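S.K.:
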């Protein structure tokens, strides 16, 4: 019997199917509490006799991996791997799996929800009506505008697909442009500076790494149109939050919506005081459909790796 431990707060929570699947294949499944998952020492102790670890956004450091002699696989319950010390895992011959694109529809849907909310001031308008007011709110249209998409992986492509329904002009930036997407004629790849200067709406869909950290800072925000809107559902840290506050406060851009932040929970920031700022609690990938899919991909990745088979999605 294999022992599988999960630190992800959503694995198996909204659908028991992934846990039932692992159990039916002879696995013991243990869900750790957040108190243990976010305590480096306690987590290391809890993993000493574990064969597989399923993780969400919890930090899996080299110190944690010093205490896992039996661990064969770390399975990300999601796509981003920036919370895992990949080099330390490699040195210990621990396989890394993930579930890229499983939540692509969920994230792309929220991106459009946030862009529409910014363009039409939906949250502020609703709050005013609920207070008994009846304001005249003048918004802007998304139809026919220019959308800048930073990162054209699975999620970026779904955003592009939705944008085509709005007949938007689509500019894209990616370190590794998708040639098929470019040949389709629906997207024009441009340098990042050009995308920032020309776009009416900008949305980010890239991992957090040395190239993307503070990718949008003070210089980029100053270069944006004063009528432009910025959305980030990818990773906190891609946008410099202090620089964003200055830009929004001064009216250098029209508005911004963030679902991810450099520090979470996001409860103390001057951004929260601004009327042209929308925030959501890192919820882009969380729909029942997405959680079912990512859960089952994660479970299959774990089982395949433990049985010596090729997982559906693996890192290196």
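Residue numbers (this note's numbering): 852 to 1167.
C-beta: ideal position from N, C-alpha, C; glycine also.
Small disclaimer: the values here were computed from a predicted structure and weren't measured.
Check the DSSP bridge columns for residue 879 and list the partner residues they point to.
M.R.: 854
S.K.: Could you check what DSSP says for residue 1085 in three-state terms: helix, strand or coil?
M.R.: coil
S.K.: Within the continuous alpha helix (DSSP H) that includes residue 998, where are the two ends?
M.R.: No alpha helix (DSSP H) contains residue 998, which is instead part of the beta strand (DSSP E) from 997-1001.
S.K.: Quick check on this structure: which residue in 909, 882, 853 has the alpha carbon closest to the alpha carbon of residue 867?
M.R.: With distances taken between Cα atoms, residue 867 lies closest to 882.
S.K.: Any C-beta of chain C sitting closer than 8 Å to the C-beta of residue 1083?
M.R.: Protein chain content of the structure displayed is limited to a single chain, and chain C is not contained in it.
S.K.: Among 1100, 1002, 955, 1083, whose alpha-carbon lies nearest the alpha-carbon of residue 1043?
M.R.: Among 1100, 1002, 955, 1083, the Cα nearest to that of residue 1043 is on 1002.
S.K.: Among all the DSSP beta bridges, which residues are the ones paired with residue 1106?
M.R.: Paired residues: 1080.
S.K.: Take residue 1114 and list the residues in its own chain whose beta-carbon comes closer than 8 Å to its own, dropping the five residues that flank it on each side.
M.R.: 1087
S.K.: Using the beta-carbon count (16 or more within 10 Å), is residue 1106 buried or exposed?
M.R.: buried
S.K.: Can you give me the C-alpha to C-alpha distance between residue 1124 and residue 1066, rounded to a whole angstrom?
M.R.: 24 Å
S.K.: Give me the Cα-Cα distance between residue 979 and residue 1138, rounded to the nearest whole angstrom.
M.R.: 28 Å
S.K.: Can you tell which of 905, 963, 959 has the C-alpha that lies nearest to the C-alpha of residue 992?
M.R.: 963
S.K.: Suppose the cutoff is 7 Å on Cβ atoms and the five residues either side in sequence are ignored; what does the same chain contact list for residue 1142 look like?
M.R.: 861, 865, 866
S.K.: Straight-line CA distance for residue 1030 to residue 1037?
M.R.: 12 Å
S.K.: Where residue 1016 and residue 930 are concerned, what is the direct C-alpha to C-alpha distance, given to the nearest angstrom?
M.R.: For the pair residue 1016 and residue 930, the Cα-to-Cα distance works out to about 27 Å.
S.K.: Would you say the segment 1142-1162 touches the segment 903-910, given that touching needs at least three Cβ pairs under 8 Å?
M.R.: yes
S.K.: So, are the CB atoms of residue 955 and residue 1006 less than 8 Å apart?
M.R.: Judged by beta-carbon spacing, residue 1006 lies within the 8 Å limit of residue 955, meaning their Cβ atoms are closer than that value.
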